[in-house]
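Q:
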Amino acid sequence: MSSPEDDLQSSWQHNAQAWIDAVRSGAIESRRQVTDQAILLAVLGRQPERVLDLGCGEGWLLRALAERGIEAVGVDGDQALVEAARAAGSVEVHLASYEQLAEAELDVGSGYDLICANFALLHQDIIPLLAAMNTLLAPSGALVIQTLHPWSVANGVYQDGWREESFAGMAGQWQTMPWYFRTLSSWLNALDMAGFRLVSLQEPQHPQSDMPQSLLMIGERR
Ligand SMILES: C[S@@+](CC[C@H](N)C(=O)[O-])C[C@H]1O[C@@H](n2cnc3c(N)ncnc32)[C@H](O)[C@@H]1O
Numbered sequence: 008m009s010s011p012e013d014d015l016q017s018s019w020q021h022n023a024q025a026w027i028d029a030v031r032s033g034a035i036e037s038r039r040q041v042t043d044q045a046i047l048l049a050v051l052g053r054q055p056e057r058v059l060d061l062g063c064g065e066g067w068l069l070r071a072l073a074e075r076g077i078e079a080v081g082v083d084g085d086q087a088l089v090e091a092a093r094a095a096g097s098v099e100v101h102l103a104s105y106e107q108l109a110e111a112e113l114d115v116g117s118g119y120d121l122i123c124a125n126f127a128l129l130h131q132d133i134i135p136l137l138a139a140m141n142t143l144l145a146p147s148g149a150l151v152i153q154t155l156h157p158w159s160v161a162n163g164v165y166q167d168g169w170r171e172e173s174f175a176g177m178a179g180q181w182q183t184m185p186w187y188f189r190t191l192s193s194w195l196n197a198l199d200m201a202g203f204r205l206v207s208l209q210e211p212q213h214p215q216s217d218m219p220q221s222l223l224m225i226g227e228r229r
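The sequence shown begins at 8 in this note's numbering and counts up one residue at a time.
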């Protein structure tokens, strides 16, 4: 039987083109209205010269940072998404799974001022990956994570565990994606265990919405 992690990665192989179309057409309202701007402002606010975008997908954030004069390097585990990011103009985009990154099996550079992960930490055991990312940061470097807000998506069960995303309501052919739900304390504990000190916690919200659109955390190396 395959593990949820295997199914998670194979869902991206299947969903790559639908994802590229959704992101590039602005089909995801929360991104368009709130969360794209939120991560961009969080990254720019740290005034980094060099950024690693972990789980960069088709590379929209790489391009947004490069347009602002920031050297942006991407890494993602899905070949089609990496190729799409390169084809759209990002110069340095590595193909690597989080497992390979956690084991430092691949050189994606080091001395980064900032590493960001935008809705890209979907697997269970994130601590080894975050600890490995910690070693790729400059001494004053920071980690910026934007993720689903646990209270917005808990759906009555506020406990860590695997869930399923069916992408219902989105145009295109989608394969169900397993993803790991994490409570707020679980997120904060993971940051701590990976050697980060939380310096900012934000809950980006749309003025016309009752719920936060995401959870955004900034950690500095301890
Ligand atoms: C929801 S997308 C977000 C992409 C991008 N950060 C964005 O904001 O559009 C999640 C990304 O995480 C990547 N990903 C998920 N699990 C991974 C793993 N185990 N190793 C490498 N990449 C992974 C997927 O390939 C996908 O590109």
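Just so you know, even glycine gets a beta-carbon here, dropped at the ideal spot from N, CA and C. Since we're looking at a predicted model, the values are computed, not measured.
According to DSSP, is PRO185 part of a helix, a strand, or is it coil?
A: Residue mapping note: residue 185 aligns to position 178 of the sequence shown, counting from 1. Strand at PRO185.
Q: Given that a residue counts as buried once 16 or more other Cβ atoms are within 10 Å of its Cβ, and exposed if not, what is GLY179?
A: Within the sequence shown, the letter at position 172 stands for residue 179. Looking at its Cβ environment, which holds fewer than 16 other Cβ atoms inside 10 Å, GLY179 is exposed.
Q: Would you mind stating whether LEU61 and ALA127 have Cβ atoms separated by less than 8 Å?
A: As a first step, residue 61 must be located in the sequence shown, where it is residue number 54. As a first step, residue 127 must be located in the sequence shown, where it is residue number 120. Taking 8 Å as the Cβ cut-off, LEU61 and ALA127 qualify as a contacting pair.
Q: Can you tell me whether DSSP reads ALA95 as helix, strand or coil?
A: Here the question's residue 95 lines up with position 88 in the sequence shown. It is coil, neither helix nor strand.
Q: Please go through the stretch 122-167 and give each complete beta strand (DSSP E) segment of 3 or more residues, from N-terminal end onward.
A: List check, beta strand (DSSP E) in window: 144-154.
Q: Excluding the 5 residues flanking HIS156 on each side, which residues of the same chain have their C-beta closer than 8 Å to its C-beta?
A: Reading the sequence shown from its first residue, position 149 is the one you call residue 156. Excluding positions up to five away in sequence, the list reads GLU210, MET218, PRO219, GLN220, SER221 and LEU222.
Q: How is SER207 classed by DSSP in three states: helix, strand or coil?
A: The sequence position of residue 207 within the sequence shown is 200, counting from 1. Looking at SER207 - three-state DSSP - the assignment turns out to be strand.
Q: Cβ-heavy atom distance between SER104 and ligand 1 below 7 Å?
A: Within the sequence shown, the letter at position 97 stands for residue 104. Yes - ligand 1 has a heavy atom lying nearer than 7 Å to the Cβ of SER104.
Q: State the start and end residues of the unbroken alpha helix (DSSP H) segment that holds ILE46.
A: Within the sequence shown, residue 46 is the residue found at index 39, counting from 1. Per DSSP, ILE46 belongs to the alpha helix (DSSP H) from 43-51.
Q: Measuring only the C-alpha atoms, how far is MET8 from SER18?
A: In the sequence shown, the residue the question calls residue 8 occupies position 1. In the sequence shown, the residue the question calls residue 18 occupies position 11. Roughly 16 Å between the two C-alpha positions.
Q: On the criterion of 16 or more Cβ atoms from any shown chain inside 10 Å, does ASP85 qualify as buried, or is it exposed?
A: Here residue 85 corresponds to residue number 78 of the sequence shown, with the count starting at 1. Counting Cβ neighbours within 10 Å, ASP85 comes out buried, since at least 16 surround it.
Q: Where does LEU59 sit, in a helix, a strand or coil, going by DSSP?
A: Against the sequence shown, residue 59 aligns to sequence position 52. In the structure shown, LEU59 sits in a strand (DSSP, three-state: E or B).
Q: Here's a check: name, in chain order, each residue in its chain whose Cβ is nearer than 6 Å to the Cβ of PHE188, leaving out the five neighbours to either side.
A: The residue given as residue 188 occupies position 181 in the sequence shown. Excluding sequence neighbours, PHE188 sits near GLY168 and ARG170.
Q: Starting from ARG31 and walking both ways along the alpha helix (DSSP H), at which residues does that stretch end?
A: Translated into positions along the sequence shown, residue 31 becomes position 24. ARG31 -> alpha helix (DSSP H) spans 11-31.
Q: What's the call for VAL80, buried or exposed, on a 16-neighbour Cβ count within 10 Å?
A: Taking the sequence shown and counting its residues from 1, the one referred to as residue 80 is at position 73. So VAL80 ends up on the buried side.
Q: Given HIS130, which residues of its chain have a CB within under 7 Å of its CB, disregarding the five upstream and five downstream residues?
A: The count along the sequence shown starts at 1 and reaches residue 130 at position 123. Cβ within range, chain order: GLU12, LEU15, TYR105 and TYR187.
Q: If you follow the beta strand (DSSP E) that MET224 is part of, which residue opens it and which one closes it?
A: Counted from its first residue, the sequence shown places residue 224 at position 217. Element bounds for MET224: 222-228.
Q: Give a single yes or no on whether VAL30 has its beta carbon closer than 7 Å to a heavy atom of ligand 1.
A: To locate residue 30, count along the sequence shown from 1; it is residue 23. True, at least one ligand heavy atom lies under 7 Å from that Cβ.
Q: Quick check: the Cα distance between ILE134 and TRP194, rounded to an integer number of angstroms?
A: The residue you call residue 134 lines up with position 127 of the sequence shown. The residue you call residue 194 lines up with position 187 of the sequence shown. Straight-line Cα distance between these residues: approximately 10 Å.
Q: Given a cut-off of 8 Å on the beta-carbon distance, is the pair PRO55 and LEU121 in contact?
A: Locating residue 55 in the sequence shown gives position 48, counting from the first residue. Locating residue 121 in the sequence shown gives position 114, counting from the first residue. Yes, the Cβ-Cβ distance between PRO55 and LEU121 is below 8 Å.
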